[in-house]
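A quick write-up on the structure given underneath.
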Amino acid sequence: MRERQISVIIPTLNERGSIELLIRRMDDFLSRRQYVWEAVVIDDRSIDGTFEKLERLKGEGLPIRFFRKVGQRGKAYSLLEGFRQARFENIAILDADLQCPPEAIGPMLDELLAGADIVVANRRNAVGSISRRLASWIFQEFFVYRLNGIKVDSQSGLKVFRRSILESITLNPSPWTFDMEFLLKAELAGYVMRGYPVDFSERTSGESKLSFWSASVEIAWNAVSLWYQYRLPIAARMFGTGFSEKIRRFSGTIARRRSL
984 MRERQISVII PTLNERGSIE LLIRRMDDFL SRRQYVWEAV VIDDRSIDGT FEKLERLKGE
1044 GLPIRFFRKV GQRGKAYSLL EGFRQARFEN IAILDADLQC PPEAIGPMLD ELLAGADIVV
1104 ANRRNAVGSI SRRLASWIFQ EFFVYRLNGI KVDSQSGLKV FRRSILESIT LNPSPWTFDM
1164 EFLLKAELAG YVMRGYPVDF SERTSGESKL SFWSASVEIA WNAVSLWYQY RLPIAARMFG
1224 TGFSEKIRRF SGTIARRRSL
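Each residue of the sequence shown is one higher than the one before, counting from 984 in this note's numbering.
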């Protein structure tokens, strides 16, 4: 039974409209199937009553623990605070907006117990405007897969993994760049990564906390930086130092222009 235990880290910011349904769906699926679980909610200073709703749900005996954010604003920093509070060896991270189905946590944990180290919910249907869907596809195809060799849906809001990974790699994310750094460093450390298909849904309450275009630039630049730090040295060993030096000079020029 110990293997079927999981801590679900949920970062929130003004998610009063979705957090109760999220918790109840998790409880209905996981508890009925004899998973031992807890929800660890890190609330990033909500002003819409999210924290008060969590207090009421806790009073009903649901397995949730919730904490007000201590550090900097941003989803990545909420996750880091949540990891420190988690009790179990298996960890999930889940957005509170109900776009990824919480019921997928159970079968994803089963995939973990079957031999994977990280299981990522791969969104198999696109939602949102055409421009956002196109931008997401470009990011996934070029920056994630072709540039960094990651074959799962890096920006998906649901991932399940072993706590030991967090103890073996060093993470230094910016507010929105936890995912790529975590996945790339874990893969380079030799951990086994798998995808699990899920149906992605439109947000039905609240508002996205992501400024899509500015966050997209931040995440894309992070992907390039990770490639420069970790994938480029591998390419240099494969193709020789001349190739490496040309790419480094080009990357340095782009970085200087970006800083102006």
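Where is the CB? At the ideal position from N, CA and C, for every residue including glycine.
Kindly list the residues whose CB is nearer than 7 Å to the CB of proline 1046, restricted to its own chain and excluding five residues on each side of it in sequence; keep chain order.
-> Closer than 7 Å at the Cβ level, and outside the excluded window around proline 1046, lie Trp1020, Glu1021, Ala1022.
Rank Asp1078, Ser1157, Phe1161, Ile1152 by C-alpha distance to the C-alpha of glycine 1173 and give the top, closest one.
-> Ile1152
CA-to-CA distance, tyrosine 1213 to lysine 1052, given in whole angstroms | 31 Å
Taking serine 940 as part of the alpha helix (DSSP H), name the residues at either end of that continuous run.
-> The structure shown does not extend to residue 940, since the chain is modelled only from 984 to 1243, so the question has no answer here.
Please report how far the alpha carbon of methionine 1091 lies from the alpha carbon of serine 1114, in whole angstroms.
-> 30 Å
Which whole-angstrom value is the C-beta distance of alanine 1099 and serine 990, which I expect to be below 8 Å?
-> Not a contact, Cβ separation roughly 17 Å.
Could you tell me which of Cys1083, Leu1062, Arg1129 sits nearest to arginine 1107, measuring between CA atoms?
-> Its Cα nearest to that of arginine 1107, the residue Cys1083 stands out among Cys1083, Leu1062, Arg1129.
Give a yes or no on whether the C-beta atoms belonging to lysine 1142 and isoleucine 1076 are separated by under 8 Å.
-> yes
Look at the alpha carbon of proline 1180 and the alpha carbon of asparagine 1105, and state the distance between them as a whole number of angstroms.
-> 5 Å
Who are the Cβ neighbours of lysine 1041 in its own chain at under 6 Å, not counting the five residues just before and after it?
-> Result list for lysine 1041: Ile1047, in chain order.
For the 8 Å Cβ check, are there 3 or more pairs between the stretch 1153–1172 and the stretch 1056–1075?
-> Yes, since at least three Cβ pairs between the stretch 1153–1172 and the stretch 1056–1075 fall closer than 8 Å, the two stretches touch.
Nearest chain C C-beta to arginine 1015 closer than 8 Å, yes or no?
-> The displayed structure is made up of one protein chain only, and chain C is not part of it.
So glutamate 1064 packs on isoleucine 1025, CB below 8 Å; how close in whole Å?
-> Going by Cβ atoms, the distance from glutamate 1064 to isoleucine 1025 rounds to 5 Å, so yes, they are a contact pair.
How would you write the range of the alpha helix (DSSP H) that isoleucine 1002 sits in, first residue to last?
-> Per DSSP, isoleucine 1002 belongs to the alpha helix (DSSP H) from 999–1009.
Which residue's Cα is closest to the Cα of arginine 1039: Phe1183, Asn1131, Arg999, Thr1187?
-> Arg999
In three-state DSSP terms, what is threonine 1033?
-> helix
Would you report the Cα separation of serine 1001 and phenylalanine 1034, rounded to the nearest angstrom?
-> Rounded to the nearest angstrom, the two C-alpha atoms are 12 Å apart.
Boundaries of the beta strand (DSSP E) in which glutamate 1021 is found, first to last residue | 1019–1026
Valine 1175 versus glycine 1132 - alpha carbon distance | 14 Å
Buried or exposed: where does glutamate 986 fall if 16 or more other Cβ atoms within 10 Å of its Cβ makes it buried?
-> exposed
Would you list, in sequence order, the uninterrupted alpha helix (DSSP H) runs of no fewer than 4 residues that lie entirely inside the stretch 1100–1150?
-> Within the stretch 1100–1150, the complete alpha helix (DSSP H) segments at least 4 residues long are 1113–1121, listed from N- to C-terminus.
DSSP bridge partner residues for methionine 1176 (one or two, in chain order) | In the DSSP output, where bridge partners are listed per residue, methionine 1176 has Ile1101.
Element boundaries [alpha helix (DSSP H), containing leucine 996] | It is not in any alpha helix (DSSP H) - leucine 996 carries neither H nor E in the DSSP assignment.
Whose CA, out of Glu1094, Val1103, Tyr1018, lies closest to the CA of aspartate 1182?
-> Ranking the options by Cα distance to aspartate 1182, first place goes to Val1103.
For arginine 1008, which residues of its own chain have a beta-carbon under 6 Å away from its beta-carbon, when the five flanking residues on both sides are left out?
-> Pro1085
Rounded to whole angstroms, how far is the Cβ of isoleucine 993 from the Cβ of alanine 1079, which I believe are closer than 8 Å?
-> 5 Å
Which residues DSSP lists as bridging serine 975, in chain order | Past the boundaries of the shown model lies residue 975; the chain is included only from 984 to 1243, so the question cannot be answered.
Any idea if alanine 1087 is buried or exposed, counting beta-carbon neighbours within 10 angstroms, 16 or more meaning buried?
-> buried
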